[in-house]
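Asks: Residues in the sequence shown are numbered consecutively from 375, following my numbering.
Submitted below is the structure of interest, expressed as C-alpha cells.
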Amino acid sequence: MAKIMDGKALAKKIQKKLREEVEDLKKEKIIPKLAVIMVGNNEASKVYVKNKSKACNEVGIEYEEYLLPEETTNQELLDLIGNLNARKEIHGILLQSPIPAHLNINEAFEKIDYHKDVDGFHSVNVGNLVLGRDTFISCTPYGIMKILEEYGISIEGKHAVVIGRSNIVGKPIAQCLLAQNATVTMCHSKTKNLQSITQSADILVAAIGKEKFVKKDMIKPGAIVIDVGINRQVDGKLCGDTDYENLIDKAGYITPVPGGVGPMTIAMLMTNVVKAAKNVKD
Ligand code: NDP
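Dropping the structure here:
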C-alpha cells in the first residue's frame, strides 16, 4: 500500500512558518505584498486566485487584485505591469494564466520585473534555474521538490520520468530533479513506447492534463508517483492525471488529487513572495 504524501498538511506547516517570518519582517517595517492580475472570466482561474488571496491572508502577506475585462489590450496589460514594477511596496507580481488569446502572454511574463517574478516564469529566472543559481523556482515544481524532501525521498541516481513538457511544470521539474542528480527522461505527446519508459521510473511525475492517464500497468512496483493534474470529471469531482485508486496498492508513495501538489503550489508562491520581500531588504 502506497504512502500518501499529504501536500495539504505540508503546505499548512510551511505557511505557519512563513507567518512567523512575515511577523519578523513587519517589525522591520517590511510588509510583503503580492499583486495578482487576472484578465477575462475564466472560472477555474477565479478559484485559483481566490485560494491565493486566502493564503496571503493566512500568512500575513498584503494582497492587491486587478481584474481586467476580456477586451483588455496588450498595451493596457503591459502598462499595468509597468506600473506595478515601479511600485516599491509591491514585492511580487503574478499574472494568472490563461489570459485571452488576443494577448501575448510571453510578452507579459517578460515585462514583469524578474525581481518580482514570484511565479518564476521570466526568462532570467528560468535561465538561473538551468544554471543552478539562486532564483525564483516556479511554484509547482518547487512544491514537488519540497514534498519529496519532506518524505525523505533521496533523488540522487534515481530514474525520474516526467510526462509533460510545459514551461510551467514539465520543463522546470525535470530541471529540479536533474539538479538533485536524478537521471531524467522527459516524455510528451510524441513519445514512443511511453509505457516501457514509465515502467522503469523510480520517480514518475504526471503533468499531462488528462484524467487518470497513468494506469497501474504503467508504473513499477514501489514507484514514487507525483500527480500534478487537475481535471474536472463529469460528476464535477476533481481527479488527477493518474488512476489513483488503482495505483495505490502498487506505488510506494503517491500524491492525492486534491490535497497533494495543488496546496503546495500555493505554499511555494507564498514562500517566493516572502523571499522577494527579503531580497529587497538585503
Ligand atoms: P500543458 O497542457 O501545458 O502540457 C501538457 C503536456 O502533456 C504537454 O507537454 C503534452 O505534450 C503532454 N501530453 C499530452 N498528451 C500526452 C500523451 N498522450 N502522452 C504523453 N504526453 C502527453 O499542461 P500543464 O503542464 O500546464 O498542466 C498539466 C496538468 O497539471 C493540468 O491538469 C493542469 O491543470 C495541472 N496543473 C496543476 C497545478 C497544480 O498546482 N497542481 C499547476 C499547474 C498545472 P506536447 O508538448 O507534445 O503537446
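Heads up, the beta-carbon is just placed ideally off N, CA and C, and yes, glycines get one too.
#1: Are the segment 484-495 and the segment 465-474 touching, with three or more C-beta to C-beta distances below 8 Å?
#2: When DSSP labels each residue in this structure, what does Tyr-618 get in the three-state scheme?
#3: Give every residue of the same chain whose Cβ lies closer than 6 Å to the Cβ of Ile-404, excluding the five residues on either side of it in the sequence, and list them in chain order.
#4: Would the C-beta of Ala-575 count as close to the ligand NDP, meaning under 7 Å from any of its heavy atoms?
#5: For Asn-605, which residues from the same chain have a beta carbon less than 6 Å from its beta carbon, with the 5 sequence-adjacent residues on both sides left out?
#6: Would you call Gln-607 buried or exposed, if buried means 16 or more other Cβ atoms sit within 10 Å of its Cβ?
#7: What do you reckon, are the CB atoms on Ala-580 and Val-588 nearer than 8 Å?
#8: Would you say the beta carbon of Asp-591 comes nearer than 7 Å to a heavy atom of the ligand NDP?
#9: Check whether the Cβ of Lys-608 sits closer than 7 Å to any heavy atom of the ligand NDP, and report yes or no.
#10: Measuring from the CB of Asp-453, is there a heavy atom of the ligand NDP at a distance below 7 Å?
#11: Who are the near neighbours of Leu-455 in its chain, counting only those whose CB is closer than 7 Å to its CB and skipping five residues on each side?
#12: In whole angstroms, what separates the C-alpha of Asp-591 from that of Asn-457?
#13: Let me know the beta strand (DSSP E) ranges lying completely inside the segment 422-505, each 3 residues or longer, listed in chain order.
#14: Exposed or buried, which one is Gly-642 when buried takes at least 16 other CB atoms within 10 Å?
#15: To the nearest angstrom, report how far apart Lys-391 and Val-433 are at their CA atoms.
#16: Do Lys-377 and Tyr-618 have their C-beta atoms closer together than 8 Å?
#17: Exposed or buried, which one is His-496 when buried takes at least 16 other CB atoms within 10 Å?
#18: State the DSSP-derived secondary structure class of Ala-383, mapped to helix, strand or coil.
#19: Out of Ile-598, Leu-551, Lys-564, which one is the CA nearest neighbour of Ser-574?
#20: For the alpha helix (DSSP H) holding Ile-518, just list the boundary residues, first then last.
#21: Quick one, are the C-beta atoms of Val-536 and Ala-553 less than 8 Å apart?
#22: Determine, using beta carbons only, whether Gly-414 and Met-638 come nearer to each other than 8 Å.
#23: Is the beta carbon of Leu-451 sitting closer than 8 Å to the one on Leu-441?
#24: May I ask whether a heavy atom of the ligand NDP can be found less than 7 Å away from the beta carbon of Thr-659?
#25: Report yes if the CB atom of Glu-436 is closer than 8 Å to the CB atom of Lys-407, and no otherwise.
#26: Please determine, among Leu-477, Leu-384, Ala-429, the residue with the shortest C-alpha to C-alpha distance to Met-412.
Replies: On the basis of the supplied data:
#1: Here the segment 484-495 lies against the segment 465-474, with 3 or more beta-carbon pairs under 8 Å apart.
#2: helix
#3: The beta carbon of Ile-404 sits closer than 6 Å to the beta carbons of Ala-651, Lys-655 from its chain, once the five residues preceding and following it are set aside; these are given in chain order.
#4: The answer is no for Ala-575.
#5: Glu-585, Cys-613
#6: The Cβ neighbour count for Gln-607, taken over all protein chains shown within 10 Å, is under 16; the residue is labelled exposed.
#7: yes
#8: no
#9: One point to set straight first is that residue 608 is Val, not Lys, in the sequence displayed. Not so, every heavy atom of the ligand NDP lies at least 7 Å from the Cβ.
#10: Not so, every heavy atom of the ligand NDP lies at least 7 Å from the Cβ.
#11: With the sequence shown as reference, residue 455 is identified as Ile, and Leu is not the correct amino acid for it. So the qualifying residues of the chain are Ile-467, Ala-482, Lys-485, Ile-486.
#12: For Asp-591 and Asn-457, the distance between alpha carbons rounds to 52 Å.
#13: Complete beta strand (DSSP E) runs here, min 3: 436-442, 466-469.
#14: Rather than Gly, the amino acid found at residue 642 in this sequence is Met. Buried, by the Cβ-count rule.
#15: Taking the straight line joining both Cα atoms gives about 9 Å.
#16: no
#17: buried
#18: DSSP places Ala-383 in helix when its eight states are reduced to three.
#19: Ile-598
#20: 513-524
#21: No, these two residues do not count as a Cβ contact at 8 Å.
#22: No, Cβ-Cβ distance for Gly-414 and Met-638 is not below 8 Å.
#23: no
#24: Here the chain comprises residues numbered 375 to 656, so residue 659 is not present and cannot be evaluated.
#25: Note that the C-beta distance between Glu-436 and Lys-407 is below 8 Å.
#26: Leu-477
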